[in-house]
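Visitor: Take a look at the following structure, please.
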Amino acid sequence: MFVNQFLILAAVLFCIGVYGVIARKNAVLVLMSIELILNSVNINLLAFSMRNGSLDGHTFALYIIAIAAAEVGVGLAMVLLMYRNRRSIDLDELSEMKG
Amino acid sequence: MFASEVLVAQNIGFAILATIMVIGALRVVTTSNVVHAALWLVVVLAGAAAQYILLAAEFVAITQVLVYIGAVMVLFLFGTMLTRARIGAESDLNNKNWFFGIPVALALFVAMAIALDSGFGSQKMPADAAVATTQEISDQIFGPYLLPFWALSFVLLAAVVGAIVLARRD
């Protein structure tokens, strides 16, 4: 196994996630794209952990999983609040703070 | 002889999983149905868990299945359910300028691919990598990484309290 095959896979997933964040208007789908990005980072961390023969990457990957769970919880609570106030979860309608 | 066969099998497994994951990820960002996007995301996350096992990280793989496929996906489906009257295909999930995402993602990928190729060219994974046991990982978390673990506990607590405060009806 090459080191690069995992890193390239993570790069592909990262770019797909970035595309999703840019292209999607629906807030839930943007959160899903962010999950793709966080997962690609986890693959990178574990690949480097195996390459270097150290366990630090495993620890960081577990912390990232926990942070992602917290992020999804708060993010979906915000989406719910947005839906309750505006009857829509389209991100491009949130323009009150535009100067 | 035997070791090289194992490596070939690992490479075939990697290729199959990577193909499934990339197709799933593309469907997540292109499908016109929010529930289908959530289910394709399950495919990608399960593939990532399998890649973690390929990378000798079984504890992280099991945590991925429990936390992501178990908890996060239920949260996503609840979020879809609570914010949407109907569950089905929709036409207006993309921004007006969604096509700007394609050149940005492609440019980012080309930049990263060049950097990775020049940085790690043909380096190989160590063939004798040991599987990380749960005990070793707990020695890491409760040893040198105890302070981040505490910080993470407070982050989770704050996230739980914040989610309840945000979503509660006054």
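Top to bottom, those sequences are chains A and B. Quick note: the first sequence uses this note's numbering, first residue -3, plus one each step. Quick note: the second sequence uses this note's numbering, first residue 316, plus one each step. Glycine residues also receive a C-beta, built at the ideal position from the N, C-alpha and C atoms. Note that the coordinates shown come from a computational prediction; the quantities given were computed from them, not determined experimentally.
Just to confirm, is the Cβ distance from residue 333 of chain B to residue 5 of chain A under 7 Å?
Guide: Contact flag set, yes.
Visitor: Got a sec, what are the start and stop residues for the alpha helix (DSSP H) residue 408 of chain B sits in?
Guide: First-last for residue 408 of chain B: undefined, no H or E at that position.
Visitor: Any beta carbon of chain A sitting closer than 7 Å to that of residue 348 of chain B?
Guide: No, because no Cβ of chain A sits closer than 7 Å to the Cβ of residue 348 of chain B.
Visitor: Taking a cut of 7 Å between CB atoms, which residues from the region 4 to 33 of chain A lie near chain B?
Guide: From the region 4 to 33 of chain A, only 4, 5, 7, 8, 9, 11, 12, 14, 15, 16, 18, 19, 20, 21, 22, 24, 25, 28, 29, 31, 32 have a Cβ closer than 7 Å to chain B.
Visitor: What are the start and end residues of each continuous alpha helix (DSSP H) run of 4 or more residues lying completely inside the region 368 to 392 of chain B, in chain order?
Guide: Complete alpha helix (DSSP H) runs here, min 4: 373 to 378.
Visitor: Does any residue of chain A bring its CB to less than 7 Å from the CB of residue 450 of chain B?
Guide: Not an interface residue.
Visitor: Looking at C-alpha atoms only, which residue of B:352, B:373, B:361 is the closest neighbour of residue 450 of chain B?
Guide: Of the candidates B:352, B:373, B:361, the one whose C-alpha sits nearest the C-alpha of residue 450 of chain B is B:373.
Visitor: Would you kindly report the start and end of the unbroken alpha helix (DSSP H) that includes residue 432 of chain B?
Guide: Its alpha helix (DSSP H) spans residues 416 to 435.
Visitor: Could you list the residues in the region 68 to 88 of chain A with a C-beta less than 7 Å from some C-beta on chain C, going in chain order?
Guide: This model lacks chain C altogether, as its protein chains are A and B.
Visitor: For residue 413 of chain B, go through chain A and note every residue whose CB falls closer than 7 Å to its CB, in chain order.
Guide: Those within 7 Å of residue 413 of chain B in chain A are 19.
Visitor: Interface residues of chain B around residue 37 of chain A at Cβ under 9 Å?
Guide: Going along chain B, no residue has its Cβ under 9 Å from residue 37 of chain A, so there is no contact; the nearest lies around 11 Å.
Visitor: With respect to the alpha helix (DSSP H) encompassing residue 67 of chain A, which residues constitute its N-terminal and C-terminal limits?
Guide: Segment 52 to 82, the alpha helix (DSSP H) holding residue 67 of chain A.
Visitor: Could you check if residue 465 of chain B is buried or exposed, using at least 16 other CB atoms within 10 Å of its CB as the buried criterion?
Guide: Exposed is the call here.
Visitor: Taking only beta-carbon positions, decide if residue 394 of chain B is within less than 7 Å of chain A.
Guide: Cβ-Cβ to chain A under 7 Å: yes for residue 394 of chain B.
Visitor: Between B:457, B:366, B:393, which lies nearest to residue 350 of chain B when the distance is taken from Cα to Cα?
Guide: Here the closest residue by C-alpha is B:393.
Visitor: How would you write the range of the alpha helix (DSSP H) that residue 449 of chain B sits in, first residue to last?
Guide: Counting along the chain, the alpha helix (DSSP H) containing residue 449 of chain B begins and ends at 449 to 456.
Visitor: Pick helix, strand or coil for residue 443 of chain B, following the three-state DSSP scheme.
Guide: Here residue 443 of chain B sits in coil by DSSP.
Visitor: Which chain A residues sit within Cβ distance under 9 Å of residue 407 of chain B?
Guide: Simply 21, 22, 86.
Visitor: Please decide whether residue 44 of chain A counts as near chain B, where near means a Cβ-Cβ distance under 7 Å.
Guide: Not one chain B Cβ lies under 7 Å of residue 44 of chain A.
Visitor: What residues of chain B sit near residue 51 of chain A, judged by a beta carbon separation below 8 Å?
Guide: Simply 447, 451, 452, 455.
Visitor: To the nearest angstrom, report how far apart residue 316 of chain B and residue 43 of chain A are at their CA atoms.
Guide: Note that residue 316 of chain B scores a pLDDT of 42, beneath 50, so its modelled location is shaky; the value from the coordinates is reported in the next line. Going by the C-alpha atoms only, they are around 25 Å apart.
Visitor: Please state if the CB of residue 38 of chain A and the CB of residue 57 of chain A are separated by a distance shorter than 7 Å.
Guide: A contact, by the Cβ cut-off of 7 Å.
Visitor: Using a Cβ-Cβ cut-off of 7 Å, state whether residue 48 of chain A counts as contacting chain B.
Guide: No - not a single Cβ of chain B is within 7 Å of the one on residue 48 of chain A.
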